[in-house]
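Number of protein chains: 2
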Amino acid sequence: MANDTKRRLMDAAEVLFAEHGLRNTSVRMIVSAIGANVASIRFHFGSLEELKKAVLMRRFEPLVARRLASLEEARGATPRPVPVRRLLEIWFAPMLEMAASLDPGERALPRILARLQADPAPEYELLLQQELAPHVEAFLDELARALPHLDRSEIAHRFDFVIGAFGHALRRVDDPRVRSSRRRRELVRRLTAELMEFAVAGLEAPAARDPDAAPGGPVVQSTA
Amino acid sequence: MANDTKRRLMDAAEVLFAEHGLRNTSVRMIVSAIGANVASIRFHFGSLEELKKAVLMRRFEPLVARRLASLEEARGATPRPVPVRRLLEIWFAPMLEMAASLDPGERALPRILARLQADPAPEYELLLQQELAPHVEAFLDELARALPHLDRSEIAHRFDFVIGAFGHALRRVDDPRVRSSRRRRELVRRLTAELMEFAVAGLEAPAARDPDAAPGGPVVQSTA
DNA sequence: CTCGGAGTCAAACACATGTTTGATTCCTGC
DNA sequence: GCAGGAATCAAACATGTGTTTGACTCCGAG
Numbered sequence: 000m001a002n003d004t005k006r007r008l009m010d011a012a013e014v015l016f017a018e019h020g021l022r023n024t025s026v027r028m029i030v031s032a033i034g035a036n037v038a039s040i041r042f043h044f045g046s047l048e049e050l051k052k053a054v055l056m057r058r059f060e061p062l063v064a065r066r067l068a069s070l071e072e073a074r075g076a077t078p079r080p081v082p083v084r085r086l087l088e089i090w091f092a093p094m095l096e097m098a099a100s101l102d103p104g105e106r107a108l109p110r111i112l113a114r115l116q117a118d119p120a121p122e123y124e125l126l127l128q129q130e131l132a133p134h135v136e137a138f139l140d141e142l143a144r145a146l147p148h149l150d151r152s153e154i155a156h157r158f159d160f161v162i163g164a165f166g167h168a169l170r171r172v173d174d175p176r177v178r179s180s181r182r183r184r185e186l187v188r189r190l191t192a193e194l195m196e197f198a199v200a201g202l203e204a205p206a207a208r209d210p211d212a213a214p215g216g217p218v219v220q221s222t223a
Numbered sequence: 000m001a002n003d004t005k006r007r008l009m010d011a012a013e014v015l016f017a018e019h020g021l022r023n024t025s026v027r028m029i030v031s032a033i034g035a036n037v038a039s040i041r042f043h044f045g046s047l048e049e050l051k052k053a054v055l056m057r058r059f060e061p062l063v064a065r066r067l068a069s070l071e072e073a074r075g076a077t078p079r080p081v082p083v084r085r086l087l088e089i090w091f092a093p094m095l096e097m098a099a100s101l102d103p104g105e106r107a108l109p110r111i112l113a114r115l116q117a118d119p120a121p122e123y124e125l126l127l128q129q130e131l132a133p134h135v136e137a138f139l140d141e142l143a144r145a146l147p148h149l150d151r152s153e154i155a156h157r158f159d160f161v162i163g164a165f166g167h168a169l170r171r172v173d174d175p176r177v178r179s180s181r182r183r184r185e186l187v188r189r190l191t192a193e194l195m196e197f198a199v200a201g202l203e204a205p206a207a208r209d210p211d212a213a214p215g216g217p218v219v220q221s222t223a
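As given, the protein sequences belong to chains A and B, one line each in that order. Residues 0 to 223 (numbering that gives the first Met the number 0) make up the first sequence, in order. Residues 0 to 223 (numbering that gives the first Met the number 0) make up the second sequence, in order.
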């Protein structure tokens, strides 16, 4: 019974975070979800902020570990560069499995991260960047091998585009109009297939012309 | 002097909305920014919610109008489908000009919308969907002519990917580490050129295989 | 000059937030 | 069985929120 309340707090909190966002979830929403006392969060975590970080880390660390392990394995299989499509599969797979899960707790992290993408809260931003930066670098390194026609900075930007598209797609899956888990899983699979085609083509596209050096005028011209 | 305070409230509010998000901007933050009284918002707008909607609409209506006019013009110029690249230019241009503007007020709307993308607030979601839906449909119609190898639903999803990537890129431009407006404008131009290449290739990619019918196994396979 | 509405103001409202307190219950180790 | 820490509890705290009130100033029309 010792850490039971502690675990139940985290479980209840993470689905509330997914539903309402980290910012808009109050102590009282969490404790009342499991019939606990308002002081329980302070007792078990010290503060609400600490609980938020604990919830994020519990799901986040295994996710990063899985990605890195898969990347390592794919890289070790052959001396040739890992194909872009395979790299994207490795990147997306863990998150997609969570997003399609039947367990609301499993499903929470992708939703939380997708929200965090656009609602920058300096504290988590920093926390996640520290946790993310290393394995993002590893993927960018491997992408650079697979896309020798692009310089590193353009690769980083394009990977950012992919992450933005992915997050946006995940938010769509959150649409409350998609109720049944059967339909949700189907939608996730569908979007996954379409996103994969889109992202591979986008990443492999020819390098952008330097807008300064381009003789053909600005890439985005006035619509006059 | 009549509507002076009213206008100043909207001006101050929109940059605060861009900075802190619609949700996290309080009445007192707004009024203290221009030295007005807390009751002034109630007097001029009825409520804080009404002020938010007024701020959104003031910038939003001209944006939609510009896009539709440019689309109409491009479509009238030739009986052939408008190229994908041109459609994206028309879509991005107004927002990009705002994002690169020197006026913080001009710059606010893209930031607000980019935040709103991931922080769904039912009230504005509805408001914006009503305002957006018609001209999104018009763009999808034209995209369908330019991309005859894709069915309508896949086009809609891909356009969503583009919007997600665009929003994410705009959020990057918001990075407080990018201080000088000179550097910001440069970054916007750079990202624009790269995003254009990425998005055109992504939209024009071959249709995704139906994950059910695909004999080659799941598109995203387990990373075991 | 005066009346009256437009606009502003300080102060308080009712409510929600995270945190804190001190007492009380619970259960394990002795 | 009992001592003592772990865990829970109701209640209050201080602060922030949007809103409301009623008096106040201002200024143009009659």
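Note that beta-carbon positions come from the ideal geometry of N, C-alpha and C, so glycine has one too.
Closer than 8 Å at the C-beta level to chain A, one finds these residues of the region 189-208 of chain B: Arg189, Leu190, Thr191, Ala192, Glu193, Leu194, Met195, Glu196, Phe197, Ala198, Val199, Ala200, Gly201, Leu202, Glu203, Ala204, Pro205, Ala206, Ala207, Arg208. Counting along the chain, the unbroken alpha helix (DSSP H) around Gly201/A starts and ends at 180-203. The beta carbon of Arg157/A falls within 7 Å of a beta carbon belonging to chain B, placing the residue at that interface. Taking every protein chain shown into account, the CB of Thr191/B has 16 or more other CB atoms within 10 angstroms, so this residue is buried. Within the region 95-112 of chain A, those residues whose Cβ lies closer than 9 Å to any Cβ of chain B are, in chain order, Leu95, Glu96. Contact of Asp118/A with chain B is assigned, a C-beta pair being separated by under 7 Å. Against chain A, the CB of Glu153/B has a partner CB under 7 Å away; the residue lies at that interface. For the set Ile89/B, Ala198/B, Glu141/B, Ala38/B, the Cα lying nearest the Cα of Pro80/B is the one of Glu141/B. Contact annotation: Ala17/B and Ile111/B have beta-carbon atoms nearer than 7 Å. Secondary structure of Pro147/B (DSSP, three-state): coil. Ala64/B has a beta carbon lying at 7 Å or more from every beta carbon in chain A.
Contact with chain B is absent for Gly45/A, since none of that chain's Cβ atoms lies less than 7 Å from the residue's Cβ. Glu49/B and Arg208/B have their C-alpha atoms roughly 46 Å apart. One alpha carbon belongs to His43/A, the other to Leu62/A, and they sit about 25 Å apart. Proximity of the region 169-180 of chain A to the region 166-183 of chain B falls short of the contact definition, fewer than three beta-carbon pairs being nearer than 8 Å. Going by DSSP, Ala53/B is part of the alpha helix (DSSP H) stretching over 47-76. For Arg114/A, same chain residues with a beta-carbon under 6 Å away, outside a window of 5 residues either side, are Gly20 in chain order. Contacts with chain B at 7 Å (Cβ-Cβ) include Ala164/A. The C-beta distance from Ile33/B to Ala11/B rounds to 5 Å, short enough to meet the 8 Å contact threshold.
Excluding five sequence positions before and after Arg157/B, the CB atoms of its chain that fall closer than 7 Å to its own CB belong to Gly201, Leu202, given in chain order.
Taking a Cβ-Cβ cut-off of 8 Å, the neighbours of Gly20/A in chain B comprise Asp118, given in sequence order. The residue among Leu55/B, Ser69/B, Ser46/B with its C-alpha nearest the C-alpha of Ile89/B is Ser69/B. Ala206/B is the residue among His148/B, Ala206/B, Ala99/B whose C-alpha sits nearest the C-alpha of Leu194/A. Your pair Val187/A and Ala99/A checks out as a contact, with CB atoms roughly 4 Å apart and the cut at 8 Å.
Under the Cβ criterion of 7 Å, Phe59/B is not counted among the residues facing chain A. Boundaries for Ala206/A: no alpha helix (DSSP H) harbours it, and the DSSP string shows neither H nor E there. Between Leu108/A and the set Ile29/A, Gly75/A, Pro121/A, Met94/A, the nearest pair of CA atoms involves Met94/A. In the three-state scheme derived from DSSP, where H, G and I count as helix and E and B as strand, Asp140/A is classed as helix. Residues Leu139, Ala143 of the same chain have their beta carbon placed closer than 8 Å to that of Arg151/B, with the five preceding and five following residues left out of the count. At a beta-carbon threshold of 8 Å, the residues of chain B lying near Ala168/A are His156, Asp159, Phe160, Gly163, ordered along the chain.
Residue nearest to Glu124/A within the set Leu47/A, Asp174/A, Leu55/A, Phe197/A is Leu55/A (criterion: CA-CA distance).
Against chain B, a Cβ distance below 7 Å from Arg171/A picks out Asp159. Counting other Cβ atoms within 10 Å of its Cβ, His167/B reaches 16 or more and is therefore classed as buried.
Per DSSP, the unbroken alpha helix (DSSP H) holding Gly104/A starts and ends at 103-117.
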